[in-house]
Amino acid sequence: MSASDDQNQPKQTKVETAKRDSQHLRGSIDQTLQSGVSHFDHDDGQLLKFHGIYQQDDRDVRKDRRKEGEEPDYSFMVRIAIPGGALTAEQYLVIDELADKYANGTLRITTRQGIQFHGVHKENLRAHIAAISNALMTTLGACGDVQRNVMTCPAPIEDEPHRAVQKLATDLAAALRPRTNAYHEIWLGEDKVVSTKEEEDFYGDQYLPRKFKTAIALDSDNCVDVHACDVGLIAITEGDAVVGYQVIVGGGLGLTHEKASTFARLGDSLGFVQPEHAIDAVRTVAMIFRDHGNRSDRKHARLKYLVEAWGLDEFRRVFVELANFELAPPRELGQLFFHDHLGHHQEPTADYYGVFVENGRVLDRENFSLRTALREIVQDHRPLIRLTAQQNIILTNLDSAAVDDIEARLQAAGVTLPRDLLAARRYSMACPALPTCGLAITESERVMPDVITELENELQRLGVSDDPLTVRMTGCPNGCSRPYTADIAFVGRKPGEKYNIYVGGGLAGDRVVDLYAADVPMPQMIDSLRPLLQQWVDQREADESFSNYYRRWRGDVEPRRIITGAETPLVNGEASDAS
Ligand code: SRM
Ligand code: SF4
């Protein structure tokens, strides 16, 4: 298919109609909020996403309630979009307070540097959103078919490139934020205005065909997994200056099991732009997506399908036609690196400290009081806060004495310090899955800590527990914790805790995985991996990483850029000898 072939599009989806008829995201949300009903209808449910709100129900009690003839136990997930993950101490304290006041007493740092609340009840939604807004944060555009939270390296490193990418993240977020006044009317009580065409001069009546994700990496640090986004920018540095940005297009991870037409794909280098054209480059890609993306099938509506269908050359041709700035040929990129920014770091004027938050969940439970410890640290030291794309939190602007105090408080709260973590846990991530996510097939966040313990034991037995290794889990194939770029990934496959196991990605985020074993019951997952781990330890060269060994063993000359939803597993689901 080429850019000129797509005029005769088939019938658009119901979501497209809901968007078009919504008067710029108003729908009947306001009326439903004022009514006594427990939940929103389909169309308003779709519109709510643009406001950063997901209607959910407690999956743990869903079946029992159905048997009793009761309706689902509805509540709402609320997501704050935080460009570059940057918050003030005051904002963090508001978020912490809201977790108790209106949500389920926990916070969740997301894989895109946002914050989620779970369990907010309909009657509290307005007050909750208003409190977030009063603290100068927004949930607008945290979900929905618009540009999502803009990610960038959050490390408070005092050099020009870090400052430049952090400023660019904020500017880019502002440039593509929806303009509709609906948010202010519905949640903040502003007077109603009549929706006009001009209200959304960029997005129009139907917004984008699907979510649109952006991230900005540095050529020295890809801690944001830039190739997994619809569009990415990589800051190319020379000395202490950013000389321009490599524009990456067509990344995305969601796929559907056994559907070969769906795939996870890493973005390709489109070209190189001057720093002053970075925002326009992203806007131009978004414009192409807006005008040519698939609006008749949401499973194939992401930008990656358009890039794949057109091919990179055609995509570039259309881009150049629209852009009123130069797109130079892509720069040769060196090996990308990844830093997790955990632990104590010293910069010329201040120190910073990265705290490990297992699977992003900030909570208190028996013998573990991370949430209280963080609140007290923030109250007393007033650090600036940065959330990472690995679901962790960085406290910045500290002096060295503060760091000693922070470590002491975390230890007293039962939190493991980064230096005491083994690599498998340190680099691990899991998505929320059950009981909140409506799409979860299996558990993820709730079982991951035990799976990691089992894997750690195995890696210790093999003598490789200090080797950096990314291990990620999701409760379905949508890829929310970016499993398809990890060294080892467990992806929910069938109810009853059966997972597909993938291997062969890696820390740099520039390779996708292979399907290693399918339908593996959770208790057998580590058994299934054992032969391959053993083979790596026996056959690796020097300190070759797990995935580098795996790629060499498989004879891959080029790292693969795509996996489909219907791969053939390398081994049977049962524990087996990989060699
Ligand atoms: Fe995601 C849908 C959670 C990052 C791909 N994602 C969902 C929903 C909203 C479920 C739903 O649609 O009903 C999940 C809410 C669960 C809950 O109870 O909280 C959900 N996604 C998350 C978060 C919270 C996972 C986490 O562990 O932190 C992340 C929120 C990020 C943020 O702050 O914006 C999150 N989701 C991702 C990522 C990773 C990334 O963007 O870097 C991906 C893969 C990259 C990509 O988009 O291709 C991702 N989420 C999806 C998809 C698959 C989209 C697709 O193209 O097929 C869905 C399903 C959908 O959109 O229909 C989804
Ligand atoms: Fe839900 Fe699947 Fe995303 Fe996990 S990966 S949060 S189960 S949509």
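Quick note: this note's numbering has the sequence shown finishing at residue 1464, numbered continuously throughout. The C-beta atom is built at its ideal place from N, Cα and C for all residues, glycine as well.
Proximity to residue i [Cα-Cα], best of the options
| i | options | result |
| --- | --- | --- |
| Q1275 | C1038, G1029 and I1121 | C1038 |
| A984 | H1003, G970, A1113 and E975 | H1003 |
| P1380 | L1392, E1328 and P1334 | E1328 |
| F1223 | Q1159, T1449, E1243 and L1103 | L1103 |
| G1117 | P1454, T1370, D1153 and E955 | D1153 |
| R1011 | A1149, T991, W1072 and D1044 | W1072 |
| A1049 | E955, N1019 and Q1159 | Q1159 |
| A1308 | L1093, D1198 and L1344 | L1344 |
| P1063 | G1026, G1129, G1390 and L978 | G1026 |
| A1325 | S1430, V1376 and E1161 | V1376 |
| N1252 | Q1220, E1243, V1300 and E1232 | V1300 |
| T1147 | A1166, L1188, G1440 and Y939 | L1188 |
With 16 other Cβ atoms within 10 Å as the buried cut-off, status of residue i
| i | result |
| --- | --- |
| F1210 | exposed |
| K948 | exposed |
| A1287 | buried |
| E969 | Here the sequence assigns Gly to residue 969, which means Glu is not the residue at that position. G969 should be labelled buried. |
| R1311 | buried |
| T1234 | exposed |
| L1207 | exposed |
| T1453 | exposed |
| H936 | buried |
| T1355 | buried |
| I1448 | buried |
| N1244 | buried |
Neighbourhood of residue i by C-beta, 7 Å cutoff - its chain only, sequence neighbours within 5 removed
| i | result |
| --- | --- |
| L1295 | V1240, A1258 and L1302 |
| T1065 | H909, L910, E1084 and E1085 |
| R905 | D1090 and Q1091 |
Rounded distance between the beta-carbons of residue j and residue i, thought under 8 Å
| i | j | result |
| --- | --- | --- |
| L1151 | R950 | The Cβ separation is near 42 Å, so there is no contact. |
| L1155 | P1215 | 7 Å |
| E1330 | A1315 | 5 Å |
| Y1401 | V1456 | 6 Å |
| R1367 | T996 | 6 Å |
Spatial neighbours of residue i in its chain, beta-carbon cut-off 8 Å, leaving aside the 5 residues before and after
| i | result |
| --- | --- |
| E1123 | none |
| A1460 | Because A1460 sits at a pLDDT of 38, beneath the cut-off of 50, its placement in the model cannot be relied upon, and the point is left open. |
| A1298 | F1253, S1254, L1255, T1257 and A1258 |
DSSP state of residue i mapped onto helix, strand, coil
| i | result |
| --- | --- |
| Y1190 | helix |
| F1223 | coil |
| A1113 | helix |
| P1406 | strand |
| D1289 | helix |
| F935 | helix |
| Y1435 | helix |
| H1006 | coil |
| S1018 | helix |
| K1473 | Lying outside 886 to 1464, the shown extent of the chain, residue 1473 is not represented and no answer is given. |
| E1459 | In this predicted model, E1459 has a pLDDT of only 42, less than 50, meaning its place in the structure is not dependable; the value taken from the coordinates is given anyway. In this structure, E1459 counts as coil in the three-state DSSP scheme. |
| E953 | coil |
| A966 | strand |
| Q976 | helix |
| Y987 | coil |
| D981 | helix |
| A903 | helix |
| V1158 | strand |
| V1356 | strand |
Residues of its chain near residue i, where Cβ-Cβ distance is below 6 Å and the 5 sequence neighbours each way are ignored
| i | result |
| --- | --- |
| P895 | S1181 |
| S1464 | Confidence in S1464 is poor, its pLDDT being 44 and thus under 50, which makes the residue's placement too unreliable to answer from. |
| V946 | D958 |
| Q931 | V900 and A903 |
| A1058 | P968 and V1035 |
| R853 | This structure cannot speak to residue 853, because the chain is shown only from 886 to 1464. |
| K1077 | E1070 |
| L1269 | T1281 and N1282 |
| A1100 | M1036, V1109, V1111, C1114 and G1117 |
Any chain B beta carbon closer than 8 Å to residue i
| i | result |
| --- | --- |
| N1433 | Protein chain content of the structure displayed is limited to a single chain, and chain B is not contained in it. |
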